[in-house]
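Before any comments, here is the structure.
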């Protein structure tokens, strides 16, 4: 529908002077014009004119130039249809059955489009806002205006604050727009939001100071005040840039946070002290800090900036400030801005939850995962000694599925492992897939046959003993053993033929017999079942690519279109029939039967296609796969393909590394003086390659900038030992996104390498033993990953935080801290890089070949278990927690501080018969945490409350039922005053061992 011209004219010719006066604007007659104070800007001298022809204009701000419709649009900030409706009332029913919807269809709500940059020719913006309050129009005058600029300093728009009569405020953005409906190039200032994604407030400061840390606060006023306060405190803008965003807490999701990419970010929320609303079960009670609007807004910001920024910290507002306090408000007495800024803490990830059927299996799993040592037991039910939670299935549900579902609900951000019982493997996989967990099928991986976890671990321990004994052999004996293994493997016969090959052979013979009139069992046909078996066992068909895939002699996966498929199959596997004999039989049949040309052609076609059609049809129907699993078997004697239910597994042989020549011992000795753990590093690569479970095969080389990381990578690269990647690419792989990597790069690599390692995310722990690739225009693939090596010249803040290292990384990662400069070594300078490099390269290749042969000599199971034990001892010696403190190690000291606070705070404890009892322990502990730690620390320590309470308790039970004052009560029997963290930890250990029990 269109707005009727008659209706538009009625609206257009409304008496403008009367309309303006109804809006509360006093007019006086000056000649032919009516004059008054402009409703679109703040002024003391009248400059707003209404002309006799019905038009208007302000000679002060330039507003106007239109009619009554235009005035209503400008004054009330509405679109054309709404302005018409306000002037003439509802449109006639016969003209507009659904007036509002149809008028808006003519002129859509997006009538004005904000311009990316305000042009220099733009008039002054409006500084007043017309609002109807309590039935009367009020012209609100802006009390503050904030300018938004882009990175190059160009003006984008404004945000205004208006103070309402009687209290309250209104914050409105104003942008310069183009009218997309009028078609006449009309441009004007409009009270509209910035286009999505909306800009940050402070983009120009970010651009000027690319290396500065970034503080995010809520609101432009707080942003400007904070920047000024830090400047006054001696912290210039090039050290710290303060930014905000438009729209408040509800608009976080609409903001473009990408300018914070790679930045170190700090979040400072408003100090809100809101209570629950009347309809809430806790109506009137103060909401906890994490539920306050300002905190929730910053948590939303945290989620938004994590994908862009580097390290993210959180600072809690000071105590004893009024509701809504921010950095624009007066500081509380004694407040030190710089000191308070130092309380910011890095935001940490969440805990790990392990689920299993029985407590015994949980203990076995805990030892296997490295959460507790051999011979140790789990703490009180639920918690392991290193911050991992261990629960039996029946803690949460009746079976695997319900248990995992309930655990995910209870721990929405936890990393959940499901330990499968024999027979429950598929249920564990399904539950893990459904709830973003991981299924641990260790019995299946070990190759069995084990009926229980206990049997598996007993066999594993026996294998480790055998491996240690085998390791005592001399190098010559080991090499001899490896040769025997290789010869034995090569002697394995492949004489057995599959049923599928026999069926295909019978089908080919039947077709040839029909075409040539011979018996199906005629030996002249030369049916080669072994060749057929090689064809169907060593190739597969992709329906998506319409191609055949097969391994060639060089262990490369080749692909062929349908027309070439059979020709290359016979080239690689041999002919399934005696082609020469079949050709002779065909000629004899043609000659003997006096066939015409058409019949002769059909016979030749039938005999030529007999084998091809049967085999290719079989491949298309039975061997169709769209995903490839790549494996390099260190014990395989030949490359082969194994067709699994949904994937094709390509198994390659290991190829020894090329030793191009000898090496100079003096150079090797010199390099080992520089890189003292070089031999151990090479052994780490080999042991990681043989380990079945690579969750702990992470090594961080933290070395000086000129130490020689490039030299070491060059050696590994020359041997094709590594795949070099980045954290961003790893994240993309884990998310299943297309990456510029092919599986061929990984197929024989011993290590994944991240150079210039700068940031770590919790997702890194998912990079354990296998990773999926989705290369463009190729089949999706999965490849194995073994050692994960990270190199950097500087510490990584998101890994090593002020609170220490999170257990999830400490349990997995080892560290080599290296010093010195390779290029400054006298021998390196004397012989030059090429000669030095060649010696180290040849030594590396020879050493790796020797280490691999030693492991191969032990056999598959023994080498896998031996490697697992070696990795465990390696991380015990070089684990990152040998250099940096674990977060969990801080708990005893925290418990000691809580204990001192409890005794210092009158009324917290109840004395009964010489013992001190703490009631409402969880609530009291929360009070302490919120008073003494910032938000991120509170979040981390609250997860450990049960362990802190056990440290506080005399009996090591934490909150438990005791008889106090003659009545049972849930409380904690606290340790004596003055107990240190060491004493608390020791007392807890003594209680666990049954020594020095109080009751």
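In UniProt numbering, the protein residues as written are 1 to 999. Every residue, glycine too, gets a C-beta built ideally from N, C-alpha and C.
Report the option in the options whose CA atom is closest to the CA atom of residue i.
i	options	result
residue 778	643, 790, 596 and 547	547
residue 502	534, 277 and 68	534
residue 795	314, 416 and 804	804
residue 30	505, 436, 49 and 40	49
residue 771	790, 741 and 799	741
residue 553	134, 202 and 651	651
residue 252	224, 279, 296 and 282	296
residue 871	925, 689, 305 and 833	689
residue 786	687, 239 and 245	687
residue 569	600, 612, 508 and 542	612
residue 544	561, 537 and 529	561
To the nearest angstrom, how far is the alpha carbon of residue i from that of residue j?
i	j	result
residue 830	residue 217	57 Å
residue 752	residue 979	47 Å
residue 323	residue 284	15 Å
residue 165	residue 901	48 Å
residue 273	residue 292	7 Å
residue 57	residue 191	19 Å
residue 614	residue 500	11 Å
residue 378	residue 958	Annotation note: pLDDT 45 at residue 378 (below 50); position unreliable, no value reported.
residue 422	residue 859	25 Å
residue 317	residue 894	21 Å
residue 904	residue 672	57 Å
residue 162	residue 168	9 Å
residue 268	residue 943	22 Å
residue 505	residue 573	15 Å
residue 391	residue 242	44 Å
residue 643	residue 733	24 Å
residue 335	residue 235	17 Å
residue 481	residue 634	Confidence in residue 481 is poor, its pLDDT being 44 and thus under 50, which makes the residue's placement unreliable; the coordinate value appears in the next sentence. Each residue's alpha carbon lies about 15 Å from the other.
residue 14	residue 42	26 Å
residue 640	residue 567	20 Å
residue 431	residue 398	13 Å
residue 219	residue 305	17 Å
Based on DSSP bridge pairs, tell me the residues matched to residue i.
i	result
residue 50	34 and 56
residue 624	541
residue 558	550
residue 633	653
residue 912	915
residue 752	723 and 788
residue 139	130
residue 771	783
residue 147	158
residue 879	814
residue 73	For residue 73, which the question treats as bridged, DSSP gives no partner whatsoever.
residue 240	213
residue 642	649
residue 1004	The question about residue 1004 has no answer here: the residues shown for the chain are numbered 1 through 999.
Which residue marks the beginning of the alpha helix (DSSP H) containing residue i, and which one marks its end?
i	result
residue 84	80-88
residue 510	499-516
residue 923	921-932
Output the boundary residues of the beta strand (DSSP E) element that contains residue i.
i	result
residue 131	128-133
residue 434	Taken as a continuous stretch (DSSP letters only), residue 434 belongs to no beta strand (DSSP E), being part of the alpha helix (DSSP H) at 425-434.
residue 968	967-973
residue 585	Here residue 585 belongs to no beta strand (DSSP E); instead the alpha helix (DSSP H) covers 579-592.
residue 961	960-964
residue 267	265-267
residue 312	312-314
residue 114	112-114
Please tell me whether residue i has its Cβ less than 8 Å away from any Cβ of chain C.
i	result
residue 42	The question asks about chain C, but that chain is absent: this structure has only one protein chain.
Start-end ranges of the beta strand (DSSP E) lying completely within the stretch 158-218, minimum 3 residues
169-179, 187-190 and 213-216
Just to confirm the assignment: which complete alpha helix (DSSP H) runs, minimum length 4, are found wholly within the stretch 661-709?
665-674 and 678-690
Runs of 4 residues minimum, wholly inside the stretch 795-873: which ones carry the alpha helix (DSSP H) assignment?
807-810, 826-831 and 833-857
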